[in-house]
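If you read the sequences in order, they're chains H and X.
Quick note: to get this note's numbering, add 188 to the position in the first sequence (first position is 1).
Quick note: to get this note's numbering, add 3 to the position in the second sequence (first position is 1).
Take a look at the structure set out below.
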Amino acid sequence: MENTIITTCAEITLILLTLSVIFTFVRLVLGPDPADRIVALDLVSVLMVSYLAALSIYTGEKTFLDVAISYALIAFLGTVALARFRERLARRSADMTCRLAEPSNPEENQ
Amino acid sequence: MMEWAIGILMISGGLFSLVASVGMLRLPDTIIRMHAATKAGAFGGGLMFLALAGFYMDLSITLRAVAAIFFLLLTAPVGAHLIGRAAYCTKVQLSERTRIDELAMVCEWCDTQSVSHPRPETGDAGQQPLP
Numbered sequence: 189m190e191n192t193i194i195t196t197c198a199e200i201t202l203i204l205l206t207l208s209v210i211f212t213f214v215r216l217v218l219g220p221d222p223a224d225r226i227v228a229l230d231l232v233s234v235l236m237v238s239y240l241a242a243l244s245i246y247t248g249e250k251t252f253l254d255v256a257i258s259y260a261l262i263a264f265l266g267t268v269a270l271a272r273f274r275e276r277l278a279r280r281s282a283d284m285t286c287r288l289a290e291p292s293n294p295e296e297n298q
Numbered sequence: 004m005m006e007w008a009i010g011i012l013m014i015s016g017g018l019f020s021l022v023a024s025v026g027m028l029r030l031p032d033t034i035i036r037m038h039a040a041t042k043a044g045a046f047g048g049g050l051m052f053l054a055l056a057g058f059y060m061d062l063s064i065t066l067r068a069v070a071a072i073f074f075l076l077l078t079a080p081v082g083a084h085l086i087g088r089a090a091y092c093t094k095v096q097l098s099e100r101t102r103i104d105e106l107a108m109v110c111e112w113c114d115t116q117s118v119s120h121p122r123p124e125t126g127d128a129g130q131q132p133l134p
C-alpha cells in the first residue's frame, strides 16, 4: 500500500521536472546572449540530476544514484569549461573584456 | 507516515525546480536568471536527494545522498560565479531597472569607448569613488 503513495508522488515529480526541462529549453533556444544559454544548460544539468534521483525512487533501482552523482560531477566540469571558454573567446576577440578587481601593477600604470 | 514525508519532499523538490525554470523563463536579465537557476535548482536537487535517502533507509545510500547534496551546494556558487564573471566581462545587457552597478567601480574596461556598450546609467551610488 505504501508503494502507491510513493509511486504517485514520484509520477507527479517526474511530470513537474519534465515541465521544468521544457521551460528551460525554451530559454536555451530564445536566450539572446551565449551567457544565457550557458545558464540554461547549467540548470538543465541540475534538473537532470534531480530527475535521476526521482527516477531512482520511481523504479527502485539504486544504481541511478551513482549515475546522478557522476553526472553532477561531469556537468559541473562542463559548466566551468563553457564559462571559461566564453570569457577567453571574448578576451581574444579584442576589446570586450574587463579586468575585475585585480591588484593594480604600479609599473603598468606608468 | 514515512512515505508521506518522502512524497512531500519529492513534490516540493519538483516545485522548486519548476520555480527555477519559470524564473529562468520570465526574469529580465542574465544575472537575475542565474540567481533563479542556481539557488532554486540546487535546493530542489537537495530535497530530491533527501527524499532518496529517506526512501532506501540504507547507510551507504544515505552517505552517497549526503555527499551528493554537499557537492551540489558546493558547486552551485562556483559555477554561478564563473558564469556571472563571464557574462559581466562580455558586457551582457543589464536590465533597465538596474540601479546600482557596483562592479563598475572596480572594473577596468580594456576599451576606452565605453559609450557604446549597452549599460544603463548607474545611479548616484555607482559613481562615488571607493573610500
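Each residue gets a CB set at the ideal place from its N, CA and C atoms; glycine is no exception.
Predicted, not measured: the structure shown is a model, and the values here were computed from it.
Where residue i falls: helix, strand or coil (DSSP)
i                        : result
leucine 97 of chain X    : coil
lysine 42 of chain X     : helix
aspartate 224 of chain H : helix
glycine 219 of chain H   : coil
aspartate 32 of chain X  : coil
aspartate 127 of chain X : Here aspartate 127 of chain X scores only 49 on pLDDT, less than 50, and its place in the model should not be relied on; the value that follows carries that caveat. Three-state DSSP puts aspartate 127 of chain X in coil, outside helix and strand.
leucine 207 of chain H   : helix
Spatial neighbours of residue i in its chain, beta-carbon cut-off 6 Å, leaving aside the 5 residues before and after
i                           : result
phenylalanine 52 of chain X : Ala68, Ala71 and Ile72
serine 321 of chain H       : A question about residue 321 of chain H goes unanswered here, because the residues of chain H that appear run from 189 up to 298.
alanine 23 of chain X       : Ala39, Ala40, Ala43 and Gly44
asparagine 297 of chain H   : Low confidence applies here, because asparagine 297 of chain H scores a pLDDT of 49, under 50, leaving its location unreliable and the question unanswered by this model.
tyrosine 59 of chain X      : none
glycine 16 of chain X       : Gly47, Leu50 and Met51
Range covered by the alpha helix (DSSP H) that runs through residue i
i                        : result
arginine 102 of chain X  : That residue, arginine 102 of chain X, is in no alpha helix (DSSP H); it is neither H nor E in DSSP.
glutamate 249 of chain H : Note, glutamate 249 of chain H: premise wrong, no alpha helix (DSSP H); not H, not E.
methionine 27 of chain X : 5–29
glycine 87 of chain X    : 62–92
Rounded Cβ spacing between residue i and residue j (contact assumed at less than 8 Å)
i                         : j                       : result
isoleucine 64 of chain X  : cysteine 197 of chain H : Going by Cβ atoms, the distance from isoleucine 64 of chain X to cysteine 197 of chain H rounds to 18 Å, so no, they are not a contact pair.
leucine 28 of chain X     : arginine 215 of chain H : 5 Å
alanine 45 of chain X     : glycine 26 of chain X   : Actually they do not touch by this definition, with Cβ atoms about 13 Å apart.
isoleucine 193 of chain H : tryptophan 7 of chain X : 7 Å
serine 208 of chain H     : leucine 21 of chain X   : 5 Å
Residues of its chain near residue i, where Cβ-Cβ distance is below 8 Å and the 5 sequence neighbours each way are ignored
i                        : result
proline 80 of chain X    : Thr41
leucine 270 of chain H   : Ile226 and Leu229
glutamate 199 of chain H : Tyr246
Spatial neighbours of residue i in its chain, beta-carbon cut-off 7 Å, leaving aside the 5 residues before and after
i                        : result
threonine 201 of chain H : Ala242
alanine 223 of chain H   : Arg274
alanine 90 of chain X    : Thr33 and Ile34
leucine 231 of chain H   : Thr212
glutamate 249 of chain H : none
leucine 30 of chain X    : Arg36 and Ala39
methionine 5 of chain X  : Gly57
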